[in-house]
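Written out below as structure tokens is the structure these notes cover.
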Amino acid sequence: MPTADTFDLPPVLHRTDALVRHLELRHLNDMEDVARNAEQLSGWVLQTGTRFFKAIFGDDDTARCQLERWICRGDSEFCGLLATIALNDFSPAGVIVAMSGSEVGRRRRSDFLALMGASGRERRLMLKQNLQVLANATPPIRESDFYIRSLAVDKAHRGCGIGRALINAAINDGAAAGHRRFRLDVDTDNDPALALYRSCGFEAISESWLPQFGFGMYSMVLET
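Using my numbering, the first residue of the sequence shown is number 1329, and each one after it goes up by one.
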């Protein structure tokens, strides 16, 4: 079970091996913890869908800046309190962000309002079009689902089972809350993530292609 003591993420150690020496899963304890670690978290979240976030924010720098702010908002889909963080040998190694499907709609509405409020009139018109395209690319999330929004493993710690540990932690958290169906969305060309999800039992329920953004998406489900 992830722990929740107050802490600051130490610097990532850039290692050349792919071993788990001491794996610890942590939840951030409160919004003060979130604020202290938001910069690290925003970088990880951005890795999970750079083209998706570019369609919303325009460029990587803006995306990371805005995601850092959203992570610090309690009503955001990316709120840091929804994150489980992996520490490998006390070095930050990855994160998974997950929530009940019943929360997704209101959190996305809050993010939409924040995005519109930070944009000028012309950009708002473009954003509404882009967001509609992105929304139509995946099936609706059921309220009974447990939704895995983002999974990222730091490059320094890939290939040693941390992604699987984070997925299992999310599944355990969802099951403890009464969920039996687990849902996620992933880029169709993200082969390492697809291999991981399939090996964990997830199956694709839809596939879409977004030519204006240059990527496609699978929606995947695990039923337990």
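In this text, a Cβ means the ideal position worked out from N, Cα and C, and glycines have one as well. None of these values were measured; they are calculated from a predicted model.
Roughly how many angstroms separate the alpha carbons of residue i and residue j, rounded to a whole number?
i	j	result
Leu1494	Arg1451	36 Å
Arg1343	Phe1543	Because Arg1343 carries a pLDDT of 46, less than 50, the predicted location of this residue cannot be relied on, and no value is offered for it.
Glu1435	Asp1403	In the sequence under discussion, the amino acid at residue 1435 is Arg, which differs from the Glu named in the question. Rounded to the nearest angstrom, the two C-alpha atoms are 5 Å apart.
Tyr1546	Asn1518	10 Å
Ala1521	Val1423	14 Å
Asp1345	Trp1372	Any reading at Asp1345 must be qualified, since the residue scores a pLDDT of 49, below 50, and its modelled position is unreliable; no value is offered.
Pro1420	Asn1365	11 Å
Arg1437	Ser1430	13 Å
Arg1349	Asn1500	22 Å
Asp1361	Leu1443	24 Å
Arg1477	Arg1492	15 Å
Hey, quick one: how far does the alpha helix (DSSP H) through residue i stretch, first residue to last?
i	result
Ile1399	1388 to 1399
Leu1410	That residue, Leu1410, is in no alpha helix (DSSP H); it is neither H nor E in DSSP.
Leu1462	1449 to 1464
Leu1524	1519 to 1527
Pro1356	For the sequence presented, residue 1356 should be read as Leu rather than Pro. Per DSSP, Leu1356 belongs to no alpha helix (DSSP H) and is neither H nor E.
Ile1384	1378 to 1385
In terms of residue numbering, what span does the beta strand (DSSP E) encompassing residue i cover?
i	result
Leu1479	1473 to 1481
Pro1420	1419 to 1428
Phe1510	1509 to 1515
Phe1298	This structure does not reach residue 1298, given that the chain is present from 1329 up to 1552, and the question cannot be answered.
Arg1486	Note, Arg1486: premise wrong, no beta strand (DSSP E); not H, not E.
Under a CB-based cut-off of 8 Å, is residue i close to chain D?
i	result
His1355	Among the chains in the structure shown there is no chain D, since it carries only a single protein chain.
Which one of the options has the shortest CA to CA distance from residue i?
i	options	result
Tyr1475	Leu1369, Leu1455, Phe1406, Ser1536	Phe1406
Leu1512	Ala1497, Ala1504, Glu1531, Ser1527	Glu1531
Trp1537	Leu1462, Ser1472, Ser1438	Leu1462
Ser1472	Ser1428, Val1514, Phe1380	Ser1428
Gln1457	Ala1503, Val1432, Gln1540	Gln1540
Gly1529	Val1514, Val1549, Asp1336, Thr1516	Val1549
Lys1483	Asn1416, Arg1509, Leu1441, Ser1447	Asn1416
Asn1464	Gly1489, Glu1535, Ile1490, Gly1506	Glu1535
Arg1470	Arg1509, Gly1408, Arg1526	Arg1509
Glu1367	Phe1381, Arg1486, Gly1408	Gly1408
Gln1460	Ala1411, Ile1384, Ser1527	Ile1384
For residue i, which residues does DSSP report across the bridge?
i	result
Glu1372	Correcting the residue identity first, residue 1372 is Trp in this sequence and not Glu. Note: Trp1372 sits in no beta bridge, so no partner.
Any chance the stretch 1351 to 1364 sits against the stretch 1372 to 1392, with 3 or more Cβ pairs inside 8 Å? no
Counting Cβ pairs closer than 8 Å, one from the stretch 1382 to 1392 and one from the stretch 1496 to 1504, do we hit at least three? Cβ pair count under 8 Å is below three, so no.
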